[in-house]
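Worksheet: the structure to be examined is printed underneath.
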Amino acid sequence: MVAARRNRVCAIQSLDLKPGGNSVVLRPEAGQGVIRVTVLDADGIPLCERLVYRGRGHDLQVQITADKDHYMPREKVTLKVRTALASGVPAPAELALAVVDDRVLTFADDKTAEILAHLYLEKDLPGEIVEPNFYLDPEEEKSPLALELLMGTRGWRRFEWKRLETPDEWQDVRVTDQILMPLMGKMGGGIGGEMGGMMGEAEAADEVKAIAPPRARPPKVGKVLFFAMAKPQLAQVVREPKANAAMPARMPPAPVEKPKPKVRRRPWMRADMEAKEEQMGGMGGGWGVVRKFPVVRYNTTKTDVRTDFRETILWAPRIVTDAKGEATVEFWLSDAVTSFRAIAEGTAKAGLPGRGEAVVDSRTPLHIEPKLPVVLTVGDRVDLPIRLTNETDRDVIASGVCESSEGLRALLKANPLAKLTVGANAARTIYFPLAAEKPGKVTVALRAGAANLEDRIKRELLIEPAGFPFAQDTSDTLDKARSIAVTLPEVATGSLSGTLKFYPAPLATMLDGLQSILREPCGCFEQASSSTYPNIMVLNYLEQAEIEAPEVRKRALDLIKKGYRKLAGYECKKQGYEWFGGDPGHEALTAYGLMEFLDMAKVYDGVDQEMIQRTAAWILARRDGKGGFERNSRALDSFGRAPKGVTNAYIVWALAEAEVKGIDAEIAAVT
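Our numbering numbers the first residue of the sequence shown as 29 and each following residue consecutively.
Okay, structure coming up:
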């Protein structure tokens, strides 16, 4: 009997089965997660298996404590964050912390997995898990039993054994990134078992072989399964004799044990990395664009009118607790009278994940709050709910006023907010009828007072015009001043606004379109190339058509210069180009860059001709001697996954455009 957690064996026990029931005790290594328990016979053939969950609750304990029970709007909050192991021993950790209006989280909760459920459940159980957080919630009384039932319903497997025979030919396949494969025990020799679709993920090994019959009917299951093997094991398998028959369609290959591939040291892992030029927005040189969020600070909680209603009060992407497992976070609340939820997620230094929450309560003795819609349309009537809350321990008689700017009109002459009795620690809701009359942003201001208590609030509301956008164009010949009549459709009162453009010639229309094509270069080599190419095309068109357009020319040329500096910074140390400038270069991507540099040189004299020559020479050096080119197997998104014939043809085209000599064999191979 073998127990494995995250594809690593954590317990093994041998036993002789007797007729009837048998008991065995497995003692897996400490840790939390899904454990796959498999029973194998003496020959190593699996008989049955199931999943169990062990170590529930043995995660990083994250505790968030506020320095006060209640706060006033705009008051400073100090949170103490403590991280510890399940045993209570302090543990340094790195966390991300967010403080958000609890009402927003309530409305936005889509039941997706939090960090613990994502790492411990979704990674091991295929398919959808409904409300995955429930199973690991320590406050849910029924969650342990539910978790056991989940393991049982998702984890029972039986095996149906069939003979798998392979054809005479083997085809080499190189796989990058991740591949799907059955994660069973040590099996092979042409025997495989159906597992009911229970698949896992495995990192691709250095070299990969796949049984790929060139003429066999492809399976209809929608996935391709590969064996991931390290080099020494691959050599042993290749020497074994192969059966001589076709593999049945829809049958997965024999399960194999996923070897642990060695981590190859990449060039970018060196400590003496050099930053590439113009790498912002990409990953060159370890630098990238970081979005910085503002921190609002208040000197006092006193304010004449409450106007700050931010939903996200704090976003701290990196909070580091010290050796004692402690960290302190400070921030200031907004004007909202509500509950804010502080959520921290992260991992200990050893990789143990954890999550913690705390609620920060913001209150005032007396406060008034409108429940505004997101938007209104001209002609709408709304009964606006206005909630008056008394947080004191005594009844109060309060009066309020609701005022709005032009465009939103009150429908009652009498004030429904006058002299309202509100009980101790209670609230009352009054409906205030309003009519939306004009489009635009309007202001809703409310005021409430009782004895020595007062609250003022101001909110904005958008009123959209009723109808649809309208556009009309006309053309004519002008030889002197004249009037042009424009027929307007029926419009809602006060909703007419727009833009009037004159194009004195067809060329002006074209220039307006060219302006819209220009793009700011950004991103990796592929993205920067694709955003720079339109700028080259615009300037090239202006040159060929002999069109002046100085403003368009200047902007296009400035963007081309910026794009060239960025693209040149992605050249690999060993020549060629790659998405982020790391060796080895990518043949197809380099050919794409060569084509762009050739076109760029026609309109911009700052392109380095020596760089073009060495780029073409690098591509030539990648010829395989068979009319094609060596192929870097890496691909991002869809780029780099074109068939070999298409890729070779594109590279030959790029070399031909560069007027490279000596590629007759490559041209013949693709024509």
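No residue lacks a Cβ here, since even glycine has one placed at the ideal position from N, Cα and C.
Reference residue i, options the options, closest by Cα
| i | options | result |
| --- | --- | --- |
| L361 | D350, R338 and E176 | R338 |
| E57 | D332, R34 and D137 | R34 |
| G468 | E434, L567 and Q91 | E434 |
| V117 | S42, R131 and L88 | L88 |
| N568 | T515, N676, H98 and Y632 | Y632 |
| V514 | L506, T502 and K508 | T502 |
| A124 | D137, P345, G48 and T349 | P345 |
| L481 | K529, E465, E615 and G428 | G428 |
| S558 | A372, R325 and M628 | M628 |
| K352 | K447, E77 and A119 | A119 |
| R409 | Q555, T471, I491 and T335 | I491 |
| N327 | V105, S511, D507 and I691 | V105 |
| E599 | M538, E576, M639 and V580 | M639 |
Start-to-end residues for the alpha helix (DSSP H) that takes in residue i
| i | result |
| --- | --- |
| Q637 | Q637 to A649 |
| S558 | F553 to Q572 |
| D129 | D129 -> not in any alpha helix (DSSP H); beta strand (DSSP E) instead, spanning A121 to D129. |
| I695 | D692 to V698 |
| E615 | E615 to A629 |
Secondary structure of residue i, DSSP reduced to three states
| i | result |
| --- | --- |
| I63 | strand |
| P671 | coil |
| H86 | coil |
| R245 | Because R245 sits at a pLDDT of 45, beneath the cut-off of 50, its placement in the model cannot be relied upon, and the point is left open. |
| Y531 | coil |
| P160 | helix |
| F368 | strand |
| S171 | helix |
| A378 | coil |
| W14 | Limits of the chain in this structure are 29 at one end and 699 at the other, which puts residue 14 out of reach. |
| D138 | coil |
| D483 | strand |
Pairwise C-alpha distance: residue j and residue i
| i | j | result |
| --- | --- | --- |
| G634 | G655 | 34 Å |
| V357 | T329 | 19 Å |
| L617 | E685 | 15 Å |
| P401 | V128 | 20 Å |
| Q264 | I73 | Low per-residue confidence applies at Q264: pLDDT is 35, beneath 50, and the placement is therefore not dependable enough to give any value. |
| K170 | E176 | 10 Å |
| P246 | K672 | Unreliable positioning characterises P246 in this predicted model, as indicated by a pLDDT of 42, which lies under 50. The coordinate reading is nonetheless provided below. P246 and K672: Cα-Cα distance of roughly 20 Å. |
| C38 | A94 | 40 Å |
| L253 | P154 | Its pLDDT being 40, under 50, L253 is placed unreliably by the model, and nothing is read from it. |
| Y459 | L178 | 48 Å |
| L54 | T66 | 12 Å |
| G382 | W343 | 18 Å |
| R102 | L474 | 19 Å |
| G384 | C552 | 36 Å |
| Y148 | E156 | 14 Å |
| T699 | I545 | 35 Å |
| P517 | D411 | 32 Å |
| A355 | L107 | 8 Å |
| V333 | R422 | 25 Å |
| K139 | L445 | 39 Å |
| K486 | I414 | 13 Å |
| G610 | A645 | 18 Å |
| M226 | R64 | Any answer about M226 is weak, because its pLDDT of 34 lies below 50 and its placement is not dependable; what the coordinates show is given next. Those two C-alpha atoms are separated by around 11 Å. |
Cβ-based neighbour list, residue i, same chain, cut-off 7 Å, excluding 5 preceding and 5 following
| i | result |
| --- | --- |
| A619 | I647, Y678, I679 and A682 |
| G526 | none |
| V52 | M29, Q41 and L43 |
| N161 | A141, E142 and A145 |
| K630 | N568 |
| Y561 | E624 |
Neighbourhood of residue i by C-beta, 8 Å cutoff - its chain only, sequence neighbours within 5 removed
| i | result |
| --- | --- |
| N418 | P393, L394, V424, A426, V450, G451, A452, N453, A454, A455 and A478 |
| D652 | E658 |
| P461 | R409, V410, D411, L412, A438, L439 and L440 |
| D130 | T366, S367, F368, R369 and V387 |
Sequence-distant residues of the same chain with beta carbon closer than 6 Å to residue i, five excluded per side
| i | result |
| --- | --- |
| A114 | H86 |
| D205 | Per-residue confidence for D205 stands at a pLDDT of 41, beneath the threshold of 50, marking its modelled position as unreliable; no derived number is given. |
| V62 | L79, Y81 and D152 |
| V348 | E122 |
First through last residue of the beta strand (DSSP E) which encompasses residue i
| i | result |
| --- | --- |
| A438 | L436 to A438 |
| K590 | Where K590 is concerned, there is no enclosing beta strand (DSSP E), although the alpha helix (DSSP H) it sits in stretches over P578 to A596. |
| P381 | P381 to S390 |
| G7 | Any property of residue 7 remains undetermined from this structure, which presents the chain solely from 29 to 699. |
| D363 | Careful: D363 lies outside any beta strand (DSSP E) and carries neither H nor E. |
| S115 | No beta strand (DSSP E) holds S115; DSSP gives it neither H nor E. |
| Y326 | It is not in any beta strand (DSSP E) - Y326 carries neither H nor E in the DSSP assignment. |
| E431 | V424 to S432 |
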